[in-house]
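Student: Listed in order, the protein sequences are those of chains A and B. First residue of the first sequence: 0, per numbering that gives the first Met the number 0; consecutive thereafter. First residue of the second sequence: 0, per numbering that gives the first Met the number 0; consecutive thereafter. Note that beta-carbon positions come from the ideal geometry of N, C-alpha and C, so glycine has one too. Structure in structure tokens, see below.
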Amino acid sequence: MNLLRRIARRIGYLFRRHSTEAEMAEEMRFHLEQRTAELEADGLSAEEARYAAQRKFGNTASIEEQARDAWGWGWLERLAKDLRFAFRQLVRSPGFSILAIVTLGLGIGANTSMFSALNGVVFKQLPYANLDQLDRIYRVTPQNAEGNMSPADFLELQKSSDTYGDYAASAHNQVSLSDPGQPAQQASAARATANFFSMLGVQPQLGRGFLPGEGAAGLDRVAVLSQRIWLNRYGGAEDIVGRTVRIDGQPHQIVGVLPASFNDWRHLGYVDFFRPLAFTPEIAVDRKTTNLQVIGRRAPGVSLQDGAAFIESVGIRLAQEFPEFNAESSWRTVTLQSTAAGSGGVTVMPMLVALSAFVLLIACSNLANFLLARTMARAREFAVRAALGASRLQLLRPLIAESLLLSIAGGGLAIVVALWFSDWAAVRSTGDNGEQVTFDVNWLVMGWAFLASLVTAVAFGLAPALFALRLNLNDTLKSGGRGATGGRGHQRFRQVLIVGQFALAMVLLSGAALFIRGLDELHDRRAGWESAQVVTGSIVLPSGTYGDAEKISAFQRLMLERLGTLPGVASVSVATATPFFHWSDIRKFHIEGHERPPAGKEPAAMVNTISPQFFETFGMRIVAGRDFTERDNATATKVYLVSESTARAYFGDANPIGRRLAPAGGNADLDWGEVVGVIADFQPNDPDPSLVVHHIYVVMAQEPQRQFELAVRAENVAPSALVASIRATMTDLDADLPVRRLQPADKFIARMLYQLGVLRDMLTAFGALGLGLASIGIYGIIARTMAQRTGEFAIRIALGASVRNLTRLVLASGVKLALVGSALGLFGAFGVSSIIAAAFPGIRTDNLLVLAGTTFLLVAIALLACWLPARRAGKVNPVDALRAE
Amino acid sequence: MAQKSELMPGTLDMLVLRVLSRGELHGWGITNKLEQLSNSALKVDEGSLYPSLYRMEEKGWIEAEWRKTENNRRAKYYSLTRTGRKQLETEQANWDRMSTVIAMVMESA
Numbered sequence: 000m001n002l003l004r005r006i007a008r009r010i011g012y013l014f015r016r017h018s019t020e021a022e023m024a025e026e027m028r029f030h031l032e033q034r035t036a037e038l039e040a041d042g043l044s045a046e047e048a049r050y051a052a053q054r055k056f057g058n059t060a061s062i063e064e065q066a067r068d069a070w071g072w073g074w075l076e077r078l079a080k081d082l083r084f085a086f087r088q089l090v091r092s093p094g095f096s097i098l099a100i101v102t103l104g105l106g107i108g109a110n111t112s113m114f115s116a117l118n119g120v121v122f123k124q125l126p127y128a129n130l131d132q133l134d135r136i137y138r139v140t141p142q143n144a145e146g147n148m149s150p151a152d153f154l155e156l157q158k159s160s161d162t163y164g165d166y167a168a169s170a171h172n173q174v175s176l177s178d179p180g181q182p183a184q185q186a187s188a189a190r191a192t193a194n195f196f197s198m199l200g201v202q203p204q205l206g207r208g209f210l211p212g213e214g215a216a217g218l219d220r221v222a223v224l225s226q227r228i229w230l231n232r233y234g235g236a237e238d239i240v241g242r243t244v245r246i247d248g249q250p251h252q253i254v255g256v257l258p259a260s261f262n263d264w265r266h267l268g269y270v271d272f273f274r275p276l277a278f279t280p281e282i283a284v285d286r287k288t289t290n291l292q293v294i295g296r297r298a299p300g301v302s303l304q305d306g307a308a309f310i311e312s313v314g315i316r317l318a319q320e321f322p323e324f325n326a327e328s329s330w331r332t333v334t335l336q337s338t339a340a341g342s343g344g345v346t347v348m349p350m351l352v353a354l355s356a357f358v359l360l361i362a363c364s365n366l367a368n369f370l371l372a373r374t375m376a377r378a379r380e381f382a383v384r385a386a387l388g389a390s391r392l393q394l395l396r397p398l399i400a401e402s403l404l405l406s407i408a409g410g411g412l413a414i415v416v417a418l419w420f421s422d423w424a425a426v427r428s429t430g431d432n433g434e435q436v437t438f439d440v441n442w443l444v445m446g447w448a449f450l451a452s453l454v455t456a457v458a459f460g461l462a463p464a465l466f467a468l469r470l471n472l473n474d475t476l477k478s479g480g481r482g483a484t485g486g487r488g489h490q491r492f493r494q495v496l497i498v499g500q501f502a503l504a505m506v507l508l509s510g511a512a513l514f515i516r517g518l519d520e521l522h523d524r525r526a527g528w529e530s531a532q533v534v535t536g537s538i539v540l541p542s543g544t545y546g547d548a549e550k551i552s553a554f555q556r557l558m559l560e561r562l563g564t565l566p567g568v569a570s571v572s573v574a575t576a577t578p579f580f581h582w583s584d585i586r587k588f589h590i591e592g593h594e595r596p597p598a599g600k601e602p603a604a605m606v607n608t609i610s611p612q613f614f615e616t617f618g619m620r621i622v623a624g625r626d627f628t629e630r631d632n633a634t635a636t637k638v639y640l641v642s643e644s645t646a647r648a649y650f651g652d653a654n655p656i657g658r659r660l661a662p663a664g665g666n667a668d669l670d671w672g673e674v675v676g677v678i679a680d681f682q683p684n685d686p687d688p689s690l691v692v693h694h695i696y697v698v699m700a701q702e703p704q705r706q707f708e709l710a711v712r713a714e715n716v717a718p719s720a721l722v723a724s725i726r727a728t729m730t731d732l733d734a735d736l737p738v739r740r741l742q743p744a745d746k747f748i749a750r751m752l753y754q755l756g757v758l759r760d761m762l763t764a765f766g767a768l769g770l771g772l773a774s775i776g777i778y779g780i781i782a783r784t785m786a787q788r789t790g791e792f793a794i795r796i797a798l799g800a801s802v803r804n805l806t807r808l809v810l811a812s813g814v815k816l817a818l819v820g821s822a823l824g825l826f827g828a829f830g831v832s833s834i835i836a837a838a839f840p841g842i843r844t845d846n847l848l849v850l851a852g853t854t855f856l857l858v859a860i861a862l863l864a865c866w867l868p869a870r871r872a873g874k875v876n877p878v879d880a881l882r883a884e
Numbered sequence: 000m001a002q003k004s005e006l007m008p009g010t011l012d013m014l015v016l017r018v019l020s021r022g023e024l025h026g027w028g029i030t031n032k033l034e035q036l037s038n039s040a041l042k043v044d045e046g047s048l049y050p051s052l053y054r055m056e057e058k059g060w061i062e063a064e065w066r067k068t069e070n071n072r073r074a075k076y077y078s079l080t081r082t083g084r085k086q087l088e089t090e091q092a093n094w095d096r097m098s099t100v101i102a103m104v105m106e107s108a
């Protein structure tokens, strides 16, 4: 019979226990009655016959016991007995039990929550159909490894769909959204090709997706809402389909609402609504504006490799045919799922999981230490039982039961810790658009917690027990149960555990400290600019109301003028980008006096389109020449400002003022502009370095931009005090125009770096946890040693040792271990810091001061943890201690 | 009554299987049969038959069914399964070999 059926039968017996017992009793009664009847027939009296029958039958109770063994209940009953015994044992030493359970719960809880984050961010499948056929297609350039495609290139790609499959594209931007009776707000919008939703297998929960014809200009005034904005802004109204909303001042009809599953931000970020992507004749030939995120679905039978090779070949063809746009670009294909974690998530998540594993390891060695100490304290009991003939299994059973109980309690606590931690981190990591670290706590994660707990408790509980059982019976009994001081082997074993703990704690703590220090440096870095007195906000002028460059410029002039007269305002400016982060506008330029590079291979620079007073507002320094002025307008000569290092790179040591630049791409006739000033270099707050290093400034009046940042510098007042009056002025200028994130710049910067802040908090938590557990460990071992060596200390004191000598002796033994561990941990710390350095190139991790500080802290904590029990060494009363022997 | 012998450990199962190989019986019936076949020469607690039966049932060598006896009492009837038959053959063969070897040693030494 196979094992499964036997187990099923045993479980069956368990449930039918009552009736099975009854049947057994009936069967035996039948037997006894038959025998009694037979004996009576032989001439015995009824009573005599009954006794004789019973004698022949044997001891019923013992036979029933044997029968239960056959059904596998004996095993269960023994386990229940063991567990009851173990429970009483644990309750009898509550200190140990609580420490062990908390250790397990925290160690595994930290690990479980990281596991659930990894599960939610990296492994959880995107909510799309046919996910294994979906690809993301990147246009790789020297400036951007994950770049987007131009409309003309996308249409070219679409023509070749037979070989690969289907393609869909989306373009993302910020728009203003206004409905009758509601304040205008900015919303994140996307335009998507008509096949976008069907390709992802997403069905709107209300209404419909896009119709094929809606990709045409003029028919594209329809919108599909995300479930999020439908709930938040429209209260989940059932009659939403058919309503009209104003997007960028244009009426649009809502035709559908997407399901909740589409809120998964890992693919597109949070998009409030989608509109059809219309390829007007002029957009269809645009190769310059690379704004399309392209995804593809491979036809069945086309492998990822074949698909990628084909896409690459299209990229190569386009680079050859249109070198002025694509000379430096190539196309790359990755699975859509692999983009879910983001480039940061791929390095950060495994790092966090690894660090939480360190916490777990420290917890494990603590547990091993506790249990070993406990087992050693019972060495005499074990020796006696073994001498009386207990088998090894019988000796181990109560220990296994104890470990089992501890692991169940620890696993339960771990899940509570993990859930709590996940809630906290999810809230803490929520971004402005609602994106957050997703913690997917499912049965898999729960299972992980209990499995990890079980394996930890049983492995680390049994290992020392087995170790203890190797003790020589004779020696243990002879040494009167004080064998615990003797066994040099297990003493060594416990010391190794402590050293290991401190090494791990060192790695954890220094890794966390280095990262936190680097993060703080990054956070406070204001290299070449100031923000303390500045208020910023984002504005997008709707194309409906501000149709042309003249209207944009007129509004900006009026706005700057009005805001400039507000009390407390020192200067005010607009710009497409702040100096806080890298600029996204990357353009290529021809440089006067340089040999003209092949088309498409001109040098690239980050461009910021700014108004006069931008440098004043942000406290940036003009090194040479002049700032932009009001006279640099649409009709005047085209002018540029460059950063100091850009000037050096472009013009060498020559004076850059008066030299000329011209935008690349386009006609043979270059549109030269003049460099009129040089601005000091600055460093943004980005944790990642940019692939483009040059900075060029363009004046807003000459290239008016609809989307820009407003920056106001306060004078004599706190910047927060200006927010209300700025908003009032803006409402006065255009009541339909939302200003997003209008707040002090420092607040904005902190907000933008929040994800790093979450990371910082997590690392702090891990570091503190590791340190705490390691201190408990060393405290435990020193306390235990103290208890064991009381007799020895008594003799030493009796022989004249001073209290100070004894305390030093104990302290030294503990601190030595901590020092060895910390020294070993330093190697790991360097490893961790290099991982952090690789993941966040903008963060400094080579901070020796931090490493020294960490080591000092660790040793100080070890000293304290040892000192507490060591104090007792001096309090040993030799007479009492020796009499107790 | 002849001198009673202790049953060698592990042999009860084999004897029960052998008895059941003639046809199904309830526990009391098996006891009677064993007594009868051994001329009451086996010294064994009658009750210990039952754990042995349950063990073998658990292993799938025998199966049981509640039925009425001729006297209209309810009783549990045991019968051999195919696995049980094979087991009996194996044990029989082992026993034969063992007893031959023991006999050989006892006679020649």
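1. Between the region 349-368 of chain A and the region 102-121 of chain A, do three or more beta carbon pairs fall short of 8 Å?
2. Skipping 5 residues on each side, what residues in its chain have a beta carbon closer than 7 Å to that of Asp626(A)?
3. Answer with yes or no whether the minimum CB distance from Ala458(A) to chain B is below 7 Å.
4. Which one of Ala512(A), Gln88(A), Leu709(A) has the shortest CA to CA distance from Ile609(A)?
5. Which chain B residues sit within Cβ distance under 8 Å of His266(A)?
6. Show which residues of chain B have a CB atom less than 9 Å away from the CB atom of Phe381(A).
7. Short check: CB of Pro743(A) to CB of Ser719(A), under 7 Å?
8. Shorter than 7 Å from the beta carbon of Lys32(B) to some beta carbon of chain A?
9. Looking at the secondary structure, which residues open and close the alpha helix (DSSP H) in which Leu317(A) lies?
10. With Asp152(A) as the anchor, note down where its alpha helix (DSSP H) starts and where it stops.
11. Would Lys55(A) pass as an interface residue toward chain B - the criterion being a Cβ-Cβ separation below 7 Å?
12. Does any CB atom of chain B fall closer than 7 Å to the CB of Arg77(A)?
13. Ends of the alpha helix (DSSP H) at Gly813(A)?
14. State the beta-bridge partners of Met619(A) as determined by DSSP.
15. Is Gly116(B) close to chain A, meaning its C-beta is less than 7 Å from at least one C-beta of that chain?
16. With distance defined between alpha-carbon atoms, name the residue in Asp285(A), Ser175(A), Ser552(A) nearest to Ile538(A).
17. Kindly list the residues whose CB is nearer than 6 Å to the CB of Ala603(A), restricted to its own chain and excluding five residues on each side of it in sequence; keep chain order.
18. What does His17(A) touch in chain B if you count any residue whose Cβ is under 8 Å from its own?
19. I need the straight-line Cα distance from Lys297(A) to Ser337(A), nearest angstrom please.
20. With contact counted as at least three CB pairs below 8 Å, one residue from each stretch, are the region 195-215 of chain A and the region 120-136 of chain A in contact?
21. DSSP three-state call for Glu407(A): helix, strand or coil?
22. Answer with buried or exposed for Val878(A), where buried requires no fewer than 16 other C-beta atoms within 10 angstroms of its C-beta.
23. Along the region 37-53 of chain B, what residues have a CB closer than 9 Å to any CB found in chain A?
24. Taking Ala526(A) as the reference, give the member of Arg620(A), Gln249(A), Thr575(A), Gly779(A) with the closest Cα.
25. Step through the CB atoms of chain A and report whether any lies within less than 7 Å of the CB of Lys75(B).
26. With burial defined as no fewer than 16 other Cβ atoms inside 10 Å of the residue's Cβ, what is the status of Ala723(A): buried or exposed?
27. With a cut-off of 8 Å, do at least 3 Cβ pairs link the region 133-150 of chain A to the region 321-336 of chain A?
28. Tell me, please, which residues DSSP counts as bridged to Asn172(A).
29. Compare the beta carbon distance of Pro578(A) and Trp528(A) with 7 Å and say whether it is the shorter of the two.
30. Could you name the residues of chain B that Phe29(A) contacts, counting a contact when the two beta carbons are closer than 9 Å?
31. Mark Ser107(B) as exposed unless 16 or more other C-beta atoms lie within 10 angstroms of its C-beta, in which case mark it buried.
32. Please report how far the alpha carbon of Ser832(A) lies from the alpha carbon of Leu513(A), in whole angstroms.
33. Quick check on DSSP: helix, strand or coil for Pro280(A)?
34. So, helix, strand or coil for Phe792(A), using DSSP?
35. If we count Cβ pairs, one from each stretch, closer than 8 Å, do we get three or more for the region 92-104 of chain A versus the region 359-372 of chain A?
36. Would you identify the three-state DSSP class for Phe501(A), choosing helix, strand or coil?
Tutor: Taking the geometry as given:
1. Contact between the region 349-368 of chain A and the region 102-121 of chain A is present, because at least three Cβ pairs lie under 8 Å.
2. Here the question's residue 626(A) lines up with position 627 in the first sequence. Only Pro611, Phe614, Gly676 meet the Cβ criterion.
3. As a working mapping, residue 458(A) is identified with position 459 in the first sequence. It does not; no Cβ of chain B falls within 7 Å.
4. In the first sequence, counting from the first residue as 1, residue 609(A) sits at position 610. Nearest of Ala512(A), Gln88(A), Leu709(A) to Ile609(A), Cα basis: Leu709(A).
5. For the purposes of this step, residue 266(A) is identified with residue 267 of the first sequence, where counting begins at 1. In chain order: nothing, as chain B lies at least about 56 Å away.
6. Here residue 381(A) refers to the residue found at position 382 of the first sequence. What Phe381(A) touches in chain B: nothing, since even the nearest Cβ is about 31 Å away.
7. In the first sequence, the residue the question calls residue 743(A) occupies position 744. In the first sequence, the residue the question calls residue 719(A) occupies position 720. Between Pro743(A) and Ser719(A), the gap from beta carbon to beta carbon is short of 7 Å.
8. For the purposes of this step, residue 32(B) is taken as the residue at position 33 of the second sequence. No, because no Cβ of chain A sits closer than 7 Å to the Cβ of Lys32(B).
9. If you number the first sequence from 1, residue 317(A) lands on position 318. 303-320 is the span of the alpha helix (DSSP H), which, as asked, contains Leu317(A).
10. For the purposes of this step, residue 152(A) is taken as residue 153 along the first sequence, with counting starting at 1. That run of the alpha helix (DSSP H) goes 150-158.
11. For the purposes of this step, residue 55(A) is taken as residue 56 along the first sequence, with counting starting at 1. Among the CB atoms of chain B, one or more fall inside 7 Å of the CB of Lys55(A).
12. Walking along the first sequence from the start, residue 77(A) turns up at place 78. Residue-level contact check: Arg77(A) does not touch chain B, since none of the beta carbons of chain B fall below 7 Å from its beta carbon.
13. Along the first sequence, one-based indexing puts residue 813(A) at 814. 802-838 is the extent of the alpha helix (DSSP H) around Gly813(A).
14. Within the first sequence, residue 619(A) is the residue found at index 620, counting from 1. Met619(A) is not bridged to any residue.
15. Past the edges of chain B, shown from 0 to 108, lies residue 116(B), and the structure says nothing about it.
16. Working through the first sequence from its first residue, we reach residue 538(A) at position 539. When Asp285(A), Ser175(A), Ser552(A) are compared, the shortest CA-CA separation from Ile538(A) is found for Ser175(A).
17. As a first step, residue 603(A) must be located in the first sequence, where it is residue number 604. Answer for Ala603(A): Gln142, Ile585, Lys587, Val691, listed in chain order.
18. Residue numbering aside, residue 17(A) sits at position 18 when the first sequence is read from its first letter. Within 8 Å Cβ-Cβ: nothing; His17(A) doesn't reach chain B, min ~16 Å.
19. Locating residue 297(A) in the first sequence gives position 298, where the first residue counts as 1. Locating residue 337(A) in the first sequence gives position 338, where the first residue counts as 1. A small fix is needed here, since residue 297(A) is Arg in this sequence, not Lys. Annotation: Arg297(A) to Ser337(A) spans about 16 Å, alpha carbon to alpha carbon.
20. Because the criterion of three Cβ pairs below 8 Å is met, the region 195-215 of chain A and the region 120-136 of chain A touch.
21. On the first sequence, residue 407(A) is found 408 positions in, with the first residue counted as 1. The sequence given here places Ile at residue 407(A); Glu does not occur at that position. Helix, per DSSP.
22. By one-based count along the first sequence, residue 878(A) stands at place 879. When all chains shown are included, Val878(A) counts as exposed.
23. Listed in sequence order: Val43, Asp44, Glu45, Gly46, Ser47, Leu48, Tyr49, Pro50, Ser51, Leu52, Tyr53.
24. In the first sequence, residue 526(A) corresponds to position 527, counting from 1. Ranking Arg620(A), Gln249(A), Thr575(A), Gly779(A) by CA distance to the CA of Ala526(A) puts Arg620(A) first.
25. Working through the second sequence from its first residue, we reach residue 75(B) at position 76. Closer than 7 Å to some Cβ of chain A, the Cβ of Lys75(B) qualifies, so yes.
26. Position 724 of the first sequence, counted from the start, is the residue given in the question as residue 723(A). By the neighbour-count criterion, in which 16 or more other beta carbons inside 10 Å mark a residue as buried, Ala723(A) falls on the exposed side.
27. Three or more Cβ pairs closer than 8 Å define a contact, and the region 133-150 of chain A meets that threshold against the region 321-336 of chain A.
28. Translated into positions along the first sequence, residue 172(A) becomes position 173. Bridge partners of Asn172(A): Ala188(A).
29. Counted from its first residue, the first sequence places residue 578(A) at position 579. Counted from its first residue, the first sequence places residue 528(A) at position 529. The Cβ atoms of Pro578(A) and Trp528(A) lie closer than 7 Å to each other.
30. Residue 29(A) sits at position 30 when you count from the first residue of the first sequence. His25, Gly26, Trp27, Thr68, Arg72, Arg73, Ala74, Lys75, listed in chain order.
31. Position 108 of the second sequence, counted from the first residue, corresponds to residue 107(B). It is exposed - the Cβ of Ser107(B) has fewer than 16 other Cβ atoms within 10 Å.
32. Translated into positions along the first sequence, residue 832(A) becomes position 833. Translated into positions along the first sequence, residue 513(A) becomes position 514. Near 7 Å, if we compare the C-alpha coordinates of Leu513(A) and Ser832(A).
33. Here residue 280(A) is taken as the residue at index 281 of the first sequence, counted from 1. The answer is helix: DSSP assigns Pro280(A) an H, G or I state.
34. Here residue 792(A) is taken as the residue at index 793 of the first sequence, counted from 1. Secondary structure at Phe792(A): helix, using DSSP grouped into helix, strand and coil.
35. Touching, per the Cβ criterion.
36. Taking the first residue of the first sequence as position 1, residue 501(A) is located at position 502. In the structure shown, Phe501(A) adopts helical secondary structure according to DSSP, grouped into three states.
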